[in-house]
Structures are given as C-alpha cells and as structure tokens.
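Following: one structure in structure tokens, then a few remarks.
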Amino acid sequence: MLDKMTSAMYAATVTERPTLRGLLRWHAIYTCSRHEKSVSRQLREKQIDCFLPLYRSVRRWKDRRKELELPLFPGYVFVHIDDEDRLRVLQSPGVTYFVSCGGRPAVIEDRELESLRSGVMNGACAEPHPYLKVGRRVRVKHGPMAGMEGILMRKKDRYRVVISIEIIMRSVAVEVDGADVEPC
C-alpha cells in the first residue's frame with residue numbers, strides 16, 4: 005500500500021542552491037510518456053528543485069484492485085530554475101522539451117504553483133479534470149441533457165451550456181455543473 009510520504013516526497017522542495025532567489029522561475033517541462041516519476045527523481049539527484057503533483061487512484065483489473073499514485077498533470081513536471089540550469093534539465097533522460105511561448109520557455113507564476121503545491125502538501129484531495137474554457141464546445145455527461153453538445157458560457161458563478169437547434173436557428177441555455185461537462 006502506498007503511504008502519504010510518497011506524495012510529499014515528490015512534492016518536497018530540494019534544498020535551495022546558493023543563487024539569487026529573484027532569478028529562479030517556475031517552468032513546465034514535457035516528459036516522455038510515463039516517465040514523470042523517474043524524471044522527477046533524476047532532477048532531485050541533480051539538486052534541481054522540481055515539483056510533481058500526484059493523486060491516488062484505484063485501478064481495477066479482472067483479478068485484482070490496486071491503489072496507484074499517478075501524475076496530476078500527465079506528461080509534465082515543474083522545475084524551479086534559473087536560465088543557467090535549462091541545459092542540465094534538458095540533458096536529463098526522459099525530458100523532451102520545455103513548454104514554450106514565443107520560442108522561449110514559458111514562465112509560470114509563483115503564486116499558481118505555490119497554491120497547488122501547498123494544497124498537495126496539506127493533503128488536499130485533487131484529481132485531473134478536463135480544461136474548460138468559456139466559448140468552447142462541450143458535451144454534457146450526466147443528467148437529463150446527457151449526450152447533448154453546446155457552447156460553454158458563464159453567468160455569475162454558474163456554467164451554462166448553450167444548445168442550438170440549427171434548422172430553426174434557436175438556442176437554449178441550460179445551467180450545468182462544471183463536473184458534468186467535458187470538452188468535445
């Protein structure tokens with residue numbers, strides 16, 4: 005059985021290196037399929053600060069059930085580095101590339117990663133969820149509208165799916181819970 009320390013181990017910060025704190029930034033690296041844990045382990049061995057958030061999931065096979073710890077963001081590991089460490093990260097087996105924007109490694113805001121990290125370290129129950137964006141086409145998974153497709157809208161703190169009947173050029177907005185829709 006997996007213990008709680010396993011999650012904390014992957015989320016723990018490597019001892020800070022003597023460098024200017026202002027130069028360290030969070031970046032996302034893309035890994036080879038199912039190499040997230042080994043990449044995280046190798047980066048820690050190189051004294052590179054990294055973060056791999058995990059969640060627990062029970063998988064069932066015909067003959068058994070097993071509790072697994074899986075990456076919350078499959079294929080990604082987060083690193084807290086300065087520009088000089090980029091090459092050391094890329095030279096690690098299993099690392100394919102930095103997530104980039106405009107040809108440069110994309111920087112992730114400290115507060116975004118720190119809030120996620122804090123939640124994981126404090127035992128928050130997290131699991132993956134499809135990325136929902138207002139204006140995107142979605143499919144309703146549960147409830148009386150299950151199977152219907154529409155455009156995701158937001159009104160105050162609630163989601164709405166706008167379902168259109170093309171032939172009569174009319175639409176109807178239905179309130180839904182964010183957990184009940186998935187991207188098409």
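For the sequence shown, this note's numbering begins at 5 and goes up steadily by one.
Glycine included, every Cβ here is placed at the ideal spot set by N, Cα and C.
Quick caveat, the model's predicted, so the values are computed rather than measured.
For residue i, three-class secondary structure by DSSP
| i | result |
| --- | --- |
| leucine 156 | strand |
| cysteine 188 | coil |
| lysine 137 | coil |
| alanine 150 | coil |
| alanine 183 | helix |
| valine 103 | coil |
| valine 144 | strand |
| valine 166 | strand |
Beta bridge counterpart(s) of residue i as assigned by DSSP
| i | result |
| --- | --- |
| cysteine 54 | Val83 |
Own chain residues within Cβ distance below 8 Å of residue i, not counting five before or after
| i | result |
| --- | --- |
| methionine 149 | Val165, Ile167, Val178, Val180 |
| methionine 196 | The chain is shown only over 5 to 188; residue 196 falls outside these bounds and no answer can be derived. |
Cβ-based neighbour list, residue i, same chain, cut-off 6 Å, excluding 5 preceding and 5 following
| i | result |
| --- | --- |
| glycine 154 | Val165, Val166, Ile167 |
Proximity of residue i and residue j at Cβ, strictly below 7 Å
| i | j | result |
| --- | --- | --- |
| glycine 107 | threonine 35 | no |
| glutamate 186 | arginine 141 | no |
| alanine 110 | serine 119 | no |
| tyrosine 59 | alanine 130 | yes |
| valine 62 | glutamate 49 | no |
| aspartate 53 | histidine 31 | no |
Residue interval of the beta strand (DSSP E) (run including residue i)
| i | result |
| --- | --- |
| glutamate 116 | No beta strand (DSSP E) holds glutamate 116; the alpha helix (DSSP H) holding it covers 114-125. |
| arginine 69 | 69-75 |
Residues near residue i by beta carbon distance below 7 Å, same chain, minus five either side
| i | result |
| --- | --- |
| histidine 39 | Gly98 |
| valine 43 | Thr35, Val81, Ser96, Gly98, Val99 |
Residue i - containing alpha helix (DSSP H), residue span
| i | result |
| --- | --- |
| arginine 45 | 40-49 |
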